[in-house]
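So the structure is just underneath, and the comments pick up after that.
In our numbering, the protein residues as written are 298 to 426.
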């Protein structure tokens, strides 16, 4: 079976992207009422993690991030729950990390990377390069 080339990766947070949404999520996360396991991987208490930014910049494809209220329609059509990560190819948009898998990462970037590569391989997908 030939591997299909990934053209981009897209992560969708289980949070709204508005100022009110960001503040509500931040407060909710501090008191245990809101949780987004993708946020745990990409962000620290206040800002994007340097390790995440460096890894993302090292990729051979774009890794776009959206919130539940601003994700593209093709991505929304591929999802049933958030947070999630999808891979775009020339032909389709495929779910590669669901919310349950992201939960197992527990905010650990290395675990996230391993899960991502494992899922891509299992689906016959590969990153260029």
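All C-beta atoms in this analysis are idealised placements derived from N, C-alpha and C, irrespective of residue type, glycine included. Just so it is clear, the structure is predicted and the values come from calculations on it, not from any experiment.
Buried versus exposed call for residue i [16 or more other C-beta atoms within 10 Å across all chains shown]
i, result
"residue 342", "exposed"
"residue 419", "exposed"
"residue 403", "exposed"
"residue 370", "exposed"
"residue 384", "buried"
Whole-number beta carbon distance between residue j and residue i, since they are thought to touch under 8 Å
i, j, result
"residue 358", "residue 307", "Their Cβ separation, rounded to whole angstroms, is 10 Å, which puts residue 358 and residue 307 out of contact at 8 Å."
"residue 386", "residue 302", "6 Å"
"residue 365", "residue 309", "6 Å"
Reduced DSSP secondary structure (H/G/I, E/B, other) of residue i
i, result
"residue 360", "strand"
"residue 365", "coil"
"residue 375", "helix"
"residue 424", "coil"
Boundaries (first-last residue) of the beta strand (DSSP E) holding residue i
i, result
"residue 392", "390-394"
Residue span of the alpha helix (DSSP H) that contains residue i, given as start and end
i, result
"residue 412", "406-419"
"residue 350", "347-355"
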